[in-house]
Amino acid sequence: KILFTLGSGREGRPDIIIGSSPHLLSGLAGSLLSTRFNVPFLLELRDVWPEDLIELGALKENSLTRKILNAIANHLYHRADHILSVPPKLHNWLADKGIPIDKITPLPNGVFANENSAAQMPESLKSIFDSEEDKFKVLYMGAHGVANKLGNIVDTAVYLREQRPEQFKKLAFILVGGGQEKETVMAQAKKQKLANIHFHDPVSKDAVNAAMQNSDALLVHLAAAETFSQFGRSPNKLYDYLKAGKPVLFSTLDSETVVDKASAGYTFKPENPEDFANVLGKLMNLNQEQYDQLGKNGQEVVKRHYDLNYLGLRLANVIEATISRKAGKYRANPQNSQRSKELRHG
6 KILFTLGSGR EGRPDIIIGS SPHLLSGLAG SLLSTRFNVP FLLELRDVWP EDLIELGALK
66 ENSLTRKILN AIANHLYHRA DHILSVPPKL HNWLADKGIP IDKITPLPNG VFANENSAAQ
126 MPESLKSIFD SEEDKFKVLY MGAHGVANKL GNIVDTAVYL REQRPEQFKK LAFILVGGGQ
186 EKETVMAQAK KQKLANIHFH DPVSKDAVNA AMQNSDALLV HLAAAETFSQ FGRSPNKLYD
246 YLKAGKPVLF STLDSETVVD KASAGYTFKP ENPEDFANVL GKLMNLNQEQ YDQLGKNGQE
306 VVKRHYDLNY LGLRLANVIE ATISRKAGKY RANPQNSQRS KELRHG
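Counting in our numbering, the sequence shown runs from 6 upward without gaps.
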């Protein structure tokens, strides 16, 4: 049995506790539960705490809160029996902090490569696409938060209108999602009278594929946070985009993204309208064969490396190995030992 962080354990003693870190308290709860049940603790790191908060200006470097979060993070890194690192380069940083490299397994997000939804877009979103039918449509789907800096899309549209009017006339930006910065970005677009930037509320997961298939480029947009580039990022939406077979545009200073390695699109400097405009122009000027190849490359890399069927097997192997390595410490619990055997044999 596997218990995820806040499970009650009323169905019996788990074999392992997995604590994920959307925030550190989830990981801390996992650590405490593993002590309570006397079983191994597997820590999944999805973000870098508290470094990300400092980079985004949400936390002062010398604050008491930062010191507390840093102490919790260091405790979890050393307390965990094994660590799953979702950001692609985080394991190197952990190793530099003295965590044994064999205690860390990089495990990115992914998608089910062979599953596709036939659902249609809601009429309200379809009408936006229809209104921009003849334009090159750039789709952003996801959070509208501080970490996304979507105001850069507005700034890029303004730059294009002023510096490259012919390119500007051929472009439309469609932003789907919600978040604390959405009203601000909408107000910026309205103030600049940018009729080619459209906003829509979040849509169901089933409707996402239709929206992507009706777009010409798919956008991953992050702030210019040093930690985002230093550790890399593995946003869920990136793999949906790659699977869709459309070119991906990714704002990052990281030169080793899957987009670059797979030649599945282009990266550009975060919060830099000119650089964003440059990659848009580069993509728009490709011939059809070159354009299609970028999408095919994305689909191929997903099938090879980011299919959840494959990633699920890797996770199962990590769980089994972590339980096995700790078996000597848990022999006092014969029930746990039996469950470990059941897990190994399916």
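Don't be surprised by glycine CBs; every beta carbon is placed ideally from N, CA and C. Only a predicted model underlies this, so the values are computations on that prediction, with no experimental measurement involved.
Please state if the CB of Gln-172 and the CB of Gly-270 are separated by a distance shorter than 8 angstroms.
no
Residues in the same chain with beta-carbon distance under 8 angstroms from Gly-183, minus the five sequence neighbours each way, listed in chain order, please.
Ala-148, His-149, Asp-206 and Pro-207
Within 8 angstroms, strictly: CB atoms of Val-116 and Leu-313:
yes
Boundaries of the alpha helix (DSSP H) in which Met-146 is found, first to last residue
Element bounds for Met-146: not the alpha helix (DSSP H) but the beta strand (DSSP E), 141-146.
Report yes if the CB atom of Val-213 is closer than 8 angstroms to the CB atom of Asp-245, and no otherwise.
yes
In or out: His-83 buried (at least 16 other Cβ within 10 Å) or exposed?
exposed
Reduced DSSP secondary structure (H/G/I, E/B, other) of Ser-260:
coil
So Glu-56 and Ser-25 are in contact, right, with Cβ under 8 angstroms, and what is the actual spacing, rounded?
Their Cβ separation, rounded to whole angstroms, is 18 angstroms, which puts Glu-56 and Ser-25 out of contact at 8 angstroms.
Rounded to whole angstroms, what's the CA-CA distance from Leu-165 to Leu-95? Just pull it up for me.
36 angstroms
Quick one: Cα of Asp-221 to Cα of Val-159, how far?
The alpha-carbon atoms of Asp-221 and Val-159 are separated by roughly 19 angstroms.
Rounded C-beta distance between Lys-154 and Glu-279? I'm assuming under 8 angstroms.
That pair is no contact at about 15 angstroms.
Thinking Phe-46 and Ser-36 are a contact (beta carbons under 8 angstroms), I'd like their distance in whole angstroms, please.
6 angstroms
What does DSSP give as the partner residues of Ala-222 in its beta bridges?
Here Ala-222 is bridged, per DSSP, to Val-143.
Let's test the definition: count the other Cβ atoms within 10 Å of the Cβ of Gln-193 and tell me whether it reaches 16, buried, or not, exposed.
By the neighbour-count rule (16 or more Cβ atoms within 10 Å), Gln-193 is buried.
Are the region 291-306 and the region 245-258 touching, with three or more C-beta to C-beta distances below 8 angstroms?
yes
Which of helix, strand or coil does DSSP assign to Phe-117?
coil
Is the distance from the Cβ of Leu-288 to the Cβ of Pro-252 below 8 angstroms?
yes
Would you report the Cα separation of Ser-39 and Glu-325, rounded to the nearest angstrom?
Their backbone Cα atoms lie some 16 angstroms apart in a straight line.
Below 8 angstroms between beta carbons: does that hold for Gln-70 and Leu-64?
In the sequence on display, residue 70 carries Thr and not Gln. Going by C-beta atoms, Thr-70 is nearer than 8 angstroms to Leu-64.
Give me the residue from Gln-125, Arg-51 and Ala-152 with the minimum Cα distance to Pro-113.
When only C-alpha atoms are compared, the closest one is Arg-51.
Assuming the contact rule is C-beta atoms closer than 8 angstroms, Ile-109 and Ala-123 should be a hit. Round their C-beta distance to whole Å, please.
That pair is no contact at about 40 angstroms.
Distance between beta carbons of Lys-140 and Lys-175, contact taken as under 8 angstroms:
6 angstroms
At what residue ranges does the region 195-252 contain a whole run of the beta strand (DSSP E), taking only runs of 3 or more?
202-205 and 222-225
So what's Ala-177 in DSSP terms, helix, strand or just coil?
Note: Ala-177 maps to strand in three-state DSSP.
Verify whether the separation of the beta carbon atoms of Val-44 and Ile-21 is less than 8 angstroms.
yes
Could you give the first and the last residue of the continuous beta strand (DSSP E) run that contains Glu-276?
Element bounds for Glu-276: n/a, residue is neither H nor E.
At 4 residues or longer, and completely inside the region 63-145: list those alpha helix (DSSP H) runs for me, N to C.
Listed in chain order, the alpha helix (DSSP H) runs fully inside the region 63-145 are 69-84, 95-101 and 128-136, counting runs of at least 4 residues.
Does the separation of the CB atoms of Met-217 and Leu-144 fall below 8 angstroms?
Their beta carbons are under 8 angstroms apart, which means Met-217 touches Leu-144 by this criterion.
According to DSSP, residues forming a beta bridge with Ser-25:
Glu-49
In three-state DSSP terms, what is Leu-155?
coil
Exposure label - Arg-41; buried when at least 16 CB within 10 Å
exposed
For Ser-239 and Leu-316, the rounded distance between their alpha carbons
14 angstroms
Start and end of the alpha helix (DSSP H) containing Glu-56?
Under the DSSP assignment, Glu-56 falls in the alpha helix (DSSP H) whose first and last residues are 56-60.
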